[in-house]
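In this note's numbering, the protein residues as written are 485 to 1377.
As structure tokens, this is what we get:
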């Protein structure tokens, strides 16, 4: 029954006159045409009410037909009922409500219910035009519907007709009558269709005409804040972590939230209860099976069970698993019903069930056909491997209980996944593997390397203990040596493990991934033991091979360590290139980049870019990927922070003592030599400026223990001697650094060494040597714009720069920049106080007399007076009170 154009008012009146007049009291249950009651605990969802106001045409932007299509338990009826009740109470419109069921496939019963609902909506007075209408015993229904349209057309206020569960209407006759009403709906009628499945109605034309609005499951899902408020109404308080876990489990599914609340009521451990809330929980499973699964045709049920073994699937995988030919039709049906969600990944569409429904389906499949579930998982494993996703293949091999397949997949593809940067996912998968599979040597090797890549040393040690007993072949010995070297880079004797590696075929086994891993670790180990040439060669080879083979984690790792081996300019360029690479892979805010941020942070510090350094230490100290933290990373981040804030701190002593405690707690992890070289001299300067000579000495000892023979060790010892007035000994230590015999790890160390030489030469009034040393410092610093060393070197450098102006040749512009940026006054860490003078300086704040001090120090009064004159001269003062003030300003007291 179709009409080519809308009915005119005269035709409507004529057809209505022909309609039968019967008793208006139809045999329809009152509850069927009543707006359902809602409980007092229903959470008001104003944004949904506003969405309905717009969609149902209460506002000017609306259209005459709204379809609310979502699966069972999404709160369609509750939401519509609360909205409808509000519309009637505020008087904006009348609402006619019909609860449909399978019997309403009969047009007579369907229209009996619709007519009674319209009469009881309050839109007409008793005895109105609808009282004269009744459904005819057979076709046609045009006269009846025309009469309804005519009655509504004369209304002055809109009326909303809500048909709940319209998916129950399937018969051709009932569908035709509803299509007629939808097509010719009058201006004052708004129709809302609530349905679990796409209704068998002609909605496409309404969509094209702009007269159809749709609300789906995504709009009905609860937000995290709504879930928190819902639970608060039930007296359940959730922490942020509990709420995140709850939303992960339910994805805001209203029925799921209600079921979860029932299990949480009264519990004191909501996290444990939420973790155990899954789709195979009896009450949830019964609901989902009865309300979602059982209502589907048999072939769709079988499809759902078969495809539930995987978290997501394509149409191709679905066809393989279900062995059905019409998968496109089934998927379209399930998607339109909101039973599956779809994501577009390039040209591929991936489908997935709600987590609770998926778990329920898998449990049901296990109950019905456990052997089939294992077979389906093995089938999925083969499909994912062919599709180039070995990690998901391993997941399904484990679910299929195929130990040999798991072993083969981990052996063949596990190391590749680590080198591609997927250690976290791989480790999570292996944690679910049975112990007897994990005990196999190839699997244990991959597990150990994955945990080391994540920085989890205790877990790695558990795997390594088993590996040592099973290394009987050349390949297994190479694997063992490679993973032990990796462990030594975290903690242990790097030199010994590097020597051990060289006794095996590591790097030449013919296994591309194993050889690449050995090359990478060997390069890092060479760098950390001072063999720079070998380090650069190995790291560059690893970088080039990894780039060609798309082993992105190795590419990033080699980029970072190649950057650390260069000067400041080289470091910044390579580090920024590495950071761009990391961002392109989504790793910018993960633990993989923490070391990189610290390297960039020390560059910013050396160039006096404190704001940039602050940003970088903050990022480096955070850990957003959940990987176990290397304790040296947050230590270096805190150290960089202390270096930046020290000069402006209200209590520099507190900054230093706090940092000292943090260094003493770090344990025996192997820190980066490059980072040590950057921060130890700065830490020593802070210690000396706050009078903490014990820690300054401890830092020099730490450098001796942690660093290979290098210029940094000599500089730290020279700094201690210079501070205690042993100028000659300090210059002797510096000589090997300045002549190149004792190479520095990083550029700023060489700048610091030349500046210290300039200060020491100035102290003994060797003007020429002081000027030449300063010029050498400027020459090293200028290409890298390294300004920080000059700021930290003391007031003598300001004097030398000012006195030498005009004599620096091509370095004159940079020298002028340095001088202009120096603070008006700076602490001199090489005041040259002797031990006796330092002891006497410590006594000055007591305000005891010279005689009393002499007695306590067991020296003569004349000796005390001689030392006082030396202190006054070196501090540039003339009085005891001024000496105390200046000493405190410089951190000497």
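Glycine included, C-beta positions come from ideal geometry on N, C-alpha and C.
Are the beta-carbon atoms belonging to residue 811 and residue 802 less than 8 Å from one another?
yes
Since residue 992 contacts residue 933 with CB under 8 Å, what's their CB separation in whole angstroms?
Actually they are not in contact, since the Cβ atoms of residue 992 and residue 933 sit about 19 Å apart, beyond 8 Å.
Any idea what DSSP makes of residue 947, helix, strand or coil?
Of the three classes helix, strand and coil, the one that applies to residue 947 here is helix, per DSSP.
Taking only the alpha-carbon atoms, compute the straight-line gap between residue 564 and residue 886 and give it to the nearest angstrom.
50 Å
Option in 538, 1153, 1134 and 1087 with minimal Cα separation from residue 1115
1153
Check residue 1294 in the structure and name its three-state DSSP category.
helix
Within the stretch 842-928, ranges of the alpha helix (DSSP H) (whole runs, at least 4 residues)
874-883, 887-903, 907-914 and 919-922
What first and last residue would you give for the beta strand (DSSP E) that runs through residue 825?
According to the DSSP assignment, residue 825 belongs to the beta strand (DSSP E) that extends over 824-829.
Between residue 770 and residue 788, what straight-line distance do the alpha-carbon atoms span, to the nearest angstrom?
16 Å
Quick one: using the 10 Å Cβ neighbour count with 16 as the cut-off for buried, is residue 648 buried or exposed?
buried
Would you check if the stretch 1322-1338 and the stretch 1275-1294 touch, i.e. whether three or more CB-CB distances between them fall below 8 Å?
By the C-beta criterion, the stretch 1275-1294 is judged not to be in contact with the stretch 1322-1338, since fewer than 3 inter-stretch pairs fall below 8 Å.
Along the chain, where does the beta strand (DSSP E) containing residue 837 start, and where does it finish?
Counting along the chain, the beta strand (DSSP E) containing residue 837 begins and ends at 832-837.
Count the other CB atoms, across all protein chains shown, that sit within 10 Å of the CB of residue 515; report buried if there are 16 or more and exposed otherwise.
exposed
Residue burial classification, residue 1346 (beta-carbon count within 10 angstroms, cutoff 16)
Looking at its Cβ environment, which holds fewer than 16 other Cβ atoms inside 10 Å, residue 1346 is exposed.
Counting only the same chain and skipping the five closest in sequence on each side, list residues whose C-beta sits under 7 Å from that of residue 1367.
1328, 1355, 1356, 1359 and 1361
Could you check if residue 693 belongs to the surroundings of the ligand SAH, using beta carbon to heavy atom distance under 7 Å?
For the structure depicted, the ligand SAH is absent and the ligand set is empty, with no information on it obtainable.
Could you work out which residue in 614, 662, 608 and 659 is closest to residue 641 when comparing CA atoms only?
Residue 641 has its Cα closest to that of 608, out of 614, 662, 608 and 659.
Taking just the CA atoms, how far does residue 1226 sit from residue 1157?
If you take the alpha carbons of residue 1157 and residue 1226, they lie about 15 Å apart.
Just verifying my parser: in three-state terms, what is the DSSP assignment at residue 720?
Residue 720: coil per DSSP, three-state reduction.
Sequence-distant residues of the same chain with beta carbon closer than 8 Å to residue 1045, five excluded per side:
1007, 1008, 1011, 1019 and 1023
Coil, strand or helix - residue 485 by DSSP:
A caution first: residue 485 carries a pLDDT of 31, below 50, which makes its placement in the model unreliable, though a value can still be read off. Three-state result, residue 485: coil.
Classify residue 942 as buried or exposed, calling it buried when 16 or more other Cβ atoms lie within 10 Å of its own Cβ.
It counts as exposed.
Endpoints, the alpha helix (DSSP H) within which residue 1350 is located:
1345-1359
Roughly how many whole angstroms lie between the Cα atoms of residue 699 and residue 550?
8 Å
Assign residue 1169 to one of three DSSP states: helix, strand, or coil.
helix
Return the first residue and the last residue of the beta strand (DSSP E) that residue 451 is part of.
Because the chain spans 485 through 1377 in this model, residue 451 falls outside it and cannot be assessed.
In angstroms with no decimal places, state the Cα-to-Cα distance between residue 1269 and residue 1162.
If you draw a straight line from the Cα of residue 1269 to the Cα of residue 1162, it comes to about 16 Å.
What does residue 553 pair with, by DSSP beta-bridge criteria?
679
Measure the C-alpha to C-alpha separation of residue 669 and residue 676 and round it to an integer number of angstroms.
Taking the CA atoms as reference points, residue 669 sits about 12 Å from residue 676.
When you compare each of 898, 794, 1281 and 879 to residue 843 by their alpha carbons, which one comes out closest?
794
What is the DSSP secondary structure of residue 623, reduced to helix, strand or coil?
Residue state, collapsed to three classes: coil.
On a CA-only basis, which of 1235, 527, 876 and 574 is nearest residue 704? Give me that one, please.
Ranking 1235, 527, 876 and 574 by CA distance to the CA of residue 704 puts 527 first.
Compare the C-alpha of residue 1063 against each of 1051, 1049, 1084 and 1050 and name the closest.
Closest option to residue 1063, Cα to Cα, is 1084.
Check whether the stretch 1208-1219 and the stretch 1244-1262 are in contact - that is, three or more C-beta pairs closer than 8 Å.
yes
Where DSSP assigns a beta bridge to residue 674, which residues make up the other side?
644
Under 7 Å Cβ to Cβ from residue 1174, same chain only, skipping five residues before and after it: list those, please.
Cβ neighbours of residue 1174 beyond the five flanking positions: 1136, 1137, 1140 and 1375.
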